[in-house]
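Input: a single structure, listed below in structure tokens.
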Amino acid sequence: MSLTDISIKRPVLTLMMTLSMVVFGVLGYYELGVDQMPNMEFPVVTVIAQLEGASPETMEEDVTEVLEEHLNTIGGLRSLKSTTFHGITMISAEFELERDIDQAAQDVRDKVARARIGLPRDLEPPVIDKRSMSGHPIIWLPLNSDRSQVEVTEYLKYTVKPYLETIN
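Numbered by my numbering, the letters in the sequence shown go through residues 238 to 405 in order.
Spelled out as structure tokens, the structure:
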């Protein structure tokens, strides 16, 4: 028996199902919160380590790999990304969404403290930072124009921005 046959043979059932979907839809609509700047807490902890005058290869071998080896043992780690430059390495540890950001940051601090034994002596103390997305823009919109920067800024500020702020 197909959905069409059931709907035709049992109109009361069809009506009740339709009404229940409408009621749940209306309730869901009114319970759904909308914020202009929503609080988006992604459990991401960044480790920045600096070693003055070190080449990118030296940084990767002596600092990045040692730190990554220790950080990889943290429970709930989703991904580990590192970028190494001349004299600096940045490692971003992304955790599962259910993971508490403060506990994750503490676990990273503990692992970095243990890794200090295998790091170069003249390495500056690594900086550990929790990354919060609530203060960052959700979208960037580049604009190219032949007009002056002042004209473009005023146009965006007084014409485009009010329209964008009304979007739900």
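Every residue, glycine too, gets a C-beta built ideally from N, C-alpha and C.
Just so you know, these numbers come straight off a predicted model, no measurement behind them.
Cα-Cα separation between V345 and F322, rounded to whole angstroms:
Walking along the sequence shown from the start, residue 345 turns up at place 108. Walking along the sequence shown from the start, residue 322 turns up at place 85. Distance between the alpha carbons of V345 and F322: 21 Å.
Assign I245 to buried or exposed, taking buried as 16 or more other Cβ atoms, counted over all protein chains shown, within 10 Å of its Cβ.
In the sequence shown, counting from the first residue as 1, residue 245 sits at position 8. With fewer than 16 Cβ atoms within 10 Å of its Cβ, I245 is classed as exposed.
Rounded to whole angstroms, what's the CA-CA distance from V387 to K394? Just pull it up for me.
Start at 1 with the first residue of the sequence shown, and residue 387 comes out as number 150. Start at 1 with the first residue of the sequence shown, and residue 394 comes out as number 157. About 10 Å.
Per the contact definition of three or more C-beta pairs closer than 8 Å, is the stretch 243-258 in contact with the stretch 313-329?
No, they do not touch.
Cβ-based neighbour list, E305, same chain, cut-off 8 Å, excluding 5 preceding and 5 following
Here the question's residue 305 lines up with position 68 in the sequence shown. Cβ neighbours of E305 beyond the five flanking positions: L317, S319 and I328.
With C-beta atoms as the reference, is P363 less than 8 Å away from V284?
In the sequence shown, counting from the first residue as 1, residue 363 sits at position 126. In the sequence shown, counting from the first residue as 1, residue 284 sits at position 47. Taking 8 Å as the Cβ cut-off, P363 and V284 qualify as a contacting pair.
Pick from V249, G262, P280 and T251: whose alpha carbon is nearest that of Q343?
Here residue 343 corresponds to residue number 106 of the sequence shown, with the count starting at 1. It is P280.
Residues sharing a beta bridge with I285, DSSP:
The residue you call residue 285 lines up with position 48 of the sequence shown. The partner list for I285 (beta bridge, DSSP) reads M327 and V364.
Does the separation of the CB atoms of V300 and L264 fall below 8 Å?
Looking up residue 300 in the sequence shown gives position 63. Looking up residue 264 in the sequence shown gives position 27. No, Cβ-Cβ distance for V300 and L264 is not below 8 Å.
Would you mind working out which of R315, W377, S292 and E268 sits nearest L401, comparing C-alpha positions?
Residue mapping note: residue 401 aligns to position 164 of the sequence shown, counting from 1. Considering only alpha carbons, the answer is W377.
Whose C-alpha, out of A352, E335 and F261, is nearest the C-alpha of V303?
As a position in the sequence shown, residue 303 is number 66, starting the count at 1. For V303, the nearest C-alpha among the options comes from A352.
For a cutoff of 8 Å on Cβ pairs, would you count V271 as touching chain B?
Of the protein chains in this structure there is only one, and it is not chain B.
According to DSSP, simplified to helix, strand and coil, what is T403?
One-based indexing of the sequence shown puts residue 403 at position 166. It is coil, neither helix nor strand.
7 Å Cβ shell around I365 - same chain, five flanking residues per side excluded
The residue given as residue 365 occupies position 128 in the sequence shown. Around I365: V282, V284, A342, V345, R346 and V349.
Provide the residue span of the beta strand (DSSP E) that contains L314, from first to last.
On the sequence shown, position 77 is the one that residue 314 refers to. L314 to F322 is the extent of the beta strand (DSSP E) around L314.
Pick from E294, S292 and E331: whose alpha carbon is nearest that of I311?
Taking the sequence shown and counting its residues from 1, the one referred to as residue 311 is at position 74. Taking only the C-alpha atoms, the option nearest I311 is E331.
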